[in-house]
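S.K.: One structure coming up, written as structure tokens, with questions to follow.
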Amino acid sequence: MTERVSAQQDGQRAITTAREVLSALIAAGIRDLVISPGSRSAPLAYAAAEAEAAGKLRVHVRIDERSASFMALGLTQATGAPTAIAATSGSAIGQMLPAVMEANHTGTPLLVLSADRPDELHGTGASQSTRQKTLFGEHVRAALNVPAGNSPATALDAALAALRGNAQAPAGPVQLNLQFRDPLTPEDDSRVETQAWTGIEPGDWASPGTQLSGTAWPQPTDAAVRRTVVVAGHAAGPEAQAFAQHLGLPLFAEPSSNARFSAHAIRHYRPLIAVGLERIERVVLFGRPTLSRPVGRLLAAAHIDSVIWEPAPAPWYEAGRRRETPVADPQQLVDFAGTAPRGWLEGWQQLDAQAQPIRAALQEPETLDGAAVAEEIWNARIPQLLLGSSNIVRDFDLAADPSVPGASTCHANRGLAGIDGTISTALGLAAGSGQHTVAVMGDITFAHDASSMLWTLGEQKPTVDVVVYNDGGGAIFSTLEHGQVDESRRYGNSVERLFATPQQMDLRALAEGYGWSYHRVLTRAELGSLLSSGTPGDLRLIEIPASRQALRAHHLELNKRLGELPWPAA
Ligand SMILES: Cc1ncc(C[n+]2csc(CCOP(=O)(O)OP(=O)(O)O)c2C)c(N)n1
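Those letters in the sequence shown? Residues 0 to 569, by numbering that gives the first Met the number 0.
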């Protein structure tokens, strides 16, 4: 039998705990809090209002906690410092699970401040009370609890350390459960402009991961010549490009690697891997490969030796579970790769040059297809670009031109490749960076998070364009094996109904309903000029009407034609 806990009145008042928590976070370098309305979280709301009035904290208000936590993800990715998310007890906390999972798999430090009822109310049927102290299970680096009336100091230290990560554990999400007992309001004589915050010195967030970029690549110790390729997966960073350039190697870079630039980056690498696969001897992997089966085949090929650059623990796989050998020493990495034989990089560049007109010939000149959208948006050099999951990120992977200088910082929720939370992530990126942010996504991805367009009155608006490539359903499944099942009609209309989930939303009505401006775009020129014309604080929904009809045939044809190219003669 569990012991009955009687109501208590001792210990410190809830608002005092909330103030201690927020001031410790500010001192540690956390600048942003996303908060959703609720009663149990009231002490955090009042303390946040005070800290904001004192200019120590930026407070963002979102109604839906799922949206709030994805916004926090975007804020963290834009600022580099963790973001706190606060909400009331009960199902409100459960709404945060998807963003916490994404943060877990990308090593993004998010701090969940989950308001909770005191222990004496748990298990009694008290409203909005549930067992939530370890709700996030394996998806948080630490789950800490501060019992009502207690000082949060020890739990805060542990929470900040877990958010930061260390040489063994990557940074990541943390839950700090705060049990609050009534009264939940501030003292009768306190005011929002309290002097109490003037002494709090905002700190600078420092974590082991912050100091890692900018490796200086040494010269190889011997003259080994090898046909090595560099694969830059998600979040590889510009050092992957610097490495490829240093050794004269071809670079296969996903758009959200932020390494997809220079003449070393092979634009059409994905369909071209089949052409050069047998010649490749070694692979050096940076970041996380997430986009394509050809890269999966490359990394699995029995004749290829591979290593992964891992100067710090990676959040996306468990040690010992991948084939590539982890390397943390720059000299060892350089020696493994060796230098490229004459003609190696040039061979890939020539293939790429041949691929371009073949792809262009398969494009309808007047149609704004996925690849054309990718080219236009990439060339527009958007400061913060977010690519939704599914086809659109692959369109960028195929078509984004690496020779365009200074392309935008490119984000994507590749931790779990979910189609959830994409609009809210963009809102967070924009709020955190203060820059024009463009999020590009399919219509089902848009529909999944459409309610995140709601903007509560009085909140400062960031500058965001949500571009929806609207082909009336989830098209990606037609390019996978399900497209074949569909074509065979063995399952009748099932693939269309159960996978594509066709829809005919009225995007204009949705945009107007939420107070966004609506734009329908049919040509490259219209898209380009619209993207360059925004004004700060604009929230715009840009619809590109499209068709899924010929997508499967187009994909098969392009892959066939590029896969048949011969390796260039020396
Ligand atoms: C949260 C979540 N639910 C389901 C999926 C599976 N899924 C992957 S792509 C996709 C359809 C996406 O459709 P759309 O956004 O229109 O993009 P398109 O496939 O047309 O490129 C679905 C349901 C997922 N990745 N994440």
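By construction, the Cβ of each residue, glycine as well, lies at the ideal position given by its N, Cα and C atoms.
Remember, it's a predicted structure, so these values are computed and weren't measured experimentally.
For His410, which residues from the same chain have a beta carbon less than 8 Å from its beta carbon, with the 5 sequence-adjacent residues on both sides left out?
M.R.: As a working mapping, residue 410 is identified with position 411 in the sequence shown. Counting only Cβ-Cβ distances below 8 Å, and skipping sequence neighbours, we find Gly73, Gln76, Ser255, Gln383, Leu384, Leu385, Leu386, Thr424 and Leu428.
S.K.: Residue range of the alpha helix (DSSP H) that Ser572 falls in?
M.R.: Beyond the ends of the chain as shown, which are 0 and 569, falls residue 572; an answer cannot be given.
S.K.: If you draw a straight line from the C-alpha of Thr534 to the C-alpha of Arg413, how long is it?
M.R.: In the sequence shown, the residue the question calls residue 534 occupies position 535. In the sequence shown, the residue the question calls residue 413 occupies position 414. Roughly 29 Å separates the two Cα atoms.
S.K.: Scan the region 353-399 and note each continuous alpha helix (DSSP H) run of 4 residues or more that stays entirely inside, going in chain order.
M.R.: Complete alpha helix (DSSP H) runs here, min 4: 369-378 and 390-398.
S.K.: For Val333 versus Leu246, is the C-beta distance shorter than 8 Å?
M.R.: The count along the sequence shown starts at 1 and reaches residue 333 at position 334. The count along the sequence shown starts at 1 and reaches residue 246 at position 247. Cβ distance < 8 Å, so Val333 and Leu246 count as in contact.
S.K.: Rounded to whole angstroms, how far is the Cβ of Pro237 from the Cβ of Ile14, which I believe are closer than 8 Å?
M.R.: To locate residue 237, count along the sequence shown from 1; it is residue 238. To locate residue 14, count along the sequence shown from 1; it is residue 15. That belief does not hold up - the Cβ atoms of Pro237 and Ile14 are roughly 45 Å apart, past 8 Å.
S.K.: Just how far apart, CA to CA, sit Leu120 and Arg180?
M.R.: Stepping through the sequence shown from its first residue, residue 120 is reached at position 121. Stepping through the sequence shown from its first residue, residue 180 is reached at position 181. Distance between the alpha carbons of Leu120 and Arg180 is about 10 Å.
S.K.: Suppose you measure from the CA of Pro117 to the CA of Pro97; what does that come to, to the nearest Å?
M.R.: Indexing the sequence shown from 1 puts residue 117 at position 118. Indexing the sequence shown from 1 puts residue 97 at position 98. Going by the C-alpha atoms only, they are around 26 Å apart.
S.K.: Per the contact definition of three or more C-beta pairs closer than 8 Å, is the region 191-202 in contact with the region 129-138?
M.R.: The region 129-138, when compared against the region 191-202, does not touch it at the 8 Å Cβ threshold.
S.K.: Taking the alpha carbon of Asp63 as the point to measure from, which residue in Leu453, Leu298, Arg57 and Asp328 has its own alpha carbon closest?
M.R.: Position 64 of the sequence shown, counting from 1, holds the residue named residue 63. Here the closest residue by C-alpha is Leu453.
S.K.: Under the three-state reduction of DSSP, which class applies to Ala102: helix, strand or coil?
M.R.: For the purposes of this step, residue 102 is identified with residue 103 of the sequence shown, where counting begins at 1. Helix, per DSSP.
S.K.: Where does His553 fall in DSSP's three states?
M.R.: Position 554 of the sequence shown, counted from the first residue, corresponds to residue 553. Looking at His553 - three-state DSSP - the assignment turns out to be helix.
S.K.: Tell me, which residues are paired with Gln459 by DSSP?
M.R.: Along the sequence shown, read from residue 1 onward, the residue named residue 459 stands at position 460. According to DSSP, which records beta bridges pairwise, Gln459 is partnered with nothing at all.
S.K.: Nearer than 7 Å: is that true of the beta carbon of Ser388 relative to any heavy atom of ligand 1?
M.R.: Taking the sequence shown and counting its residues from 1, one reaches residue 388 at position 389. Yes, ligand 1 has a heavy atom inside 7 Å of this Cβ.
S.K.: Closer than 7 Å to a non-hydrogen atom of ligand 1 - does that hold for the CB of Gly417?
M.R.: As a position in the sequence shown, residue 417 is number 418, starting the count at 1. Yes; taking the cut-off as 7 Å, the Cβ of Gly417 has a heavy atom of ligand 1 nearer than that.
S.K.: DSSP puts Val403 in a beta bridge; with which residues?
M.R.: Looking up residue 403 in the sequence shown gives position 404. Bridge partners of Val403: none, in fact.
S.K.: Within the continuous beta strand (DSSP E) that includes His59, where are the two ends?
M.R.: Here residue 59 refers to the residue found at position 60 when the sequence shown is read from its first residue. Note, His59: beta strand (DSSP E), Arg57 to Val60.
S.K.: Since Met70 is in the alpha helix (DSSP H), which residue starts that stretch and which ends it?
M.R.: Taking the first residue of the sequence shown as 1, we reach residue 70 at position 71. Note, Met70: alpha helix (DSSP H), Glu64 to Thr78.
S.K.: In angstroms with no decimal places, state the Cα-to-Cα distance between Gln210 and Gly433.
M.R.: Here residue 210 is taken as the residue at index 211 of the sequence shown, counted from 1. Here residue 433 is taken as the residue at index 434 of the sequence shown, counted from 1. Summary for Gln210: the model assigns pLDDT 49, below 50, so the residue's position carries little reliability, and this model does not support an answer.
S.K.: Can you round the beta-carbon distance between Thr575 and Ser388 to whole angstroms, since I take them to be within the 8 Å contact cut?
M.R.: For residue 575 there is no data in the structure shown, the boundaries of the chain being 0 and 569.
S.K.: Residues bridged to Ala141 by DSSP?
M.R.: Working through the sequence shown from its first residue, we reach residue 141 at position 142. Looking at the DSSP assignment, Ala141 forms a beta bridge with Val173.
S.K.: Does Val191 pass the burial test, meaning 16 or more other C-beta atoms within 10 Å, or should it be called exposed?
M.R.: Here residue 191 refers to the residue found at position 192 when the sequence shown is read from its first residue. It counts as exposed.
S.K.: Output needed for Trp566: all residues of its chain with C-beta closer than 8 Å, excluding positions within five of it in sequence on either side, in chain order.
M.R.: To locate residue 566, count along the sequence shown from 1; it is residue 567. Same-chain partners within the cutoff: Val274, Gly275, Arg278, Gly346 and Leu350.
S.K.: Counting only the same chain and skipping the five closest in sequence on each side, list residues whose C-beta sits under 8 Å from that of Gln218.
M.R.: Translated into positions along the sequence shown, residue 218 becomes position 219. For Gln218, where only same-chain residues beyond five positions count, the Cβ hits under 8 Å are Val333.
S.K.: So, are the CB atoms of Phe570 and His481 less than 8 Å apart?
M.R.: There is no way to answer for residue 570, as the model of the chain reaches only from 0 to 569.
S.K.: Is Leu183 helix, strand or coil by DSSP?
M.R.: On the sequence shown, residue 183 is found 184 positions in, with the first residue counted as 1. Looking at Leu183 - three-state DSSP - the assignment turns out to be coil, as it is neither helix nor strand.
S.K.: Can you find the residues in the same chain that come closer than 6 Å, C-beta to C-beta, to Ile272, ignoring five residues on each side of it along the sequence?
M.R.: Taking the sequence shown and counting its residues from 1, one reaches residue 272 at position 273. Only Pro293 and Leu297 meet the Cβ criterion.
S.K.: Assuming Asp505 is part of the alpha helix (DSSP H), what are its boundary residues?
M.R.: Reading the sequence shown from its first residue, position 506 is the one you call residue 505. Taken as a continuous stretch (DSSP letters only), Asp505 belongs to no alpha helix (DSSP H), as it is neither H nor E.
S.K.: Return yes when at least one heavy atom of ligand 1 lies under 7 Å from the C-beta of Ile541, else no.
M.R.: Residue mapping note: residue 541 aligns to position 542 of the sequence shown, counting from 1. Answer for Ile541: no, Cβ out of range of ligand 1.
S.K.: Name the DSSP bridge partner or partners of Glu542?
M.R.: Walking along the sequence shown from the start, residue 542 turns up at place 543. Partner(s): Val467 and Arg519.
S.K.: Considering Cα atoms alone, identify which of Val111, Phe285 and Ser90 is closest to Pro329.
M.R.: As a first step, residue 329 is located in the sequence shown; it is residue number 330 there, counting from the start. When each option's Cα is compared against that of Pro329, the closest is Phe285.
S.K.: So Gln427 is in the beta strand (DSSP E); what residue range does that whole segment cover?
M.R.: The count along the sequence shown starts at 1 and reaches residue 427 at position 428. Before going on, a small fix: residue 427 reads as Gly here, not Gln. Here Gly427 belongs to no beta strand (DSSP E); instead the alpha helix (DSSP H) covers Thr421 to Ser432.
S.K.: Is Gly106 closer than 8 Å to Trp204 when the C-beta atoms are compared?
M.R.: Taking the sequence shown and counting its residues from 1, one reaches residue 204 at position 205. Taking the sequence shown and counting its residues from 1, one reaches residue 106 at position 107. Not a contact, by the Cβ cut-off of 8 Å.
S.K.: Can the beta-carbon of Arg266 be found less than 8 Å from the beta-carbon of Ser291?
M.R.: Within the sequence shown, residue 266 is the residue found at index 267, counting from 1. Within the sequence shown, residue 291 is the residue found at index 292, counting from 1. For Arg266 and Ser291, no; Cβs fall outside 8 Å.
S.K.: Classify Asp394: buried if its beta carbon has 16 or more other beta carbons within 10 angstroms, exposed otherwise.
M.R.: Residue 394 sits at position 395 when you count from the first residue of the sequence shown. Result: buried.
S.K.: Would you identify the three-state DSSP class for Gln210, choosing helix, strand or coil?
M.R.: Counted from its first residue, the sequence shown places residue 210 at position 211. Because the pLDDT at Gln210 is just 49, under 50, the model does not fix this residue reliably, and the value given afterwards should be weighed accordingly. Of the three classes helix, strand and coil, the one that applies to Gln210 here is helix, per DSSP.
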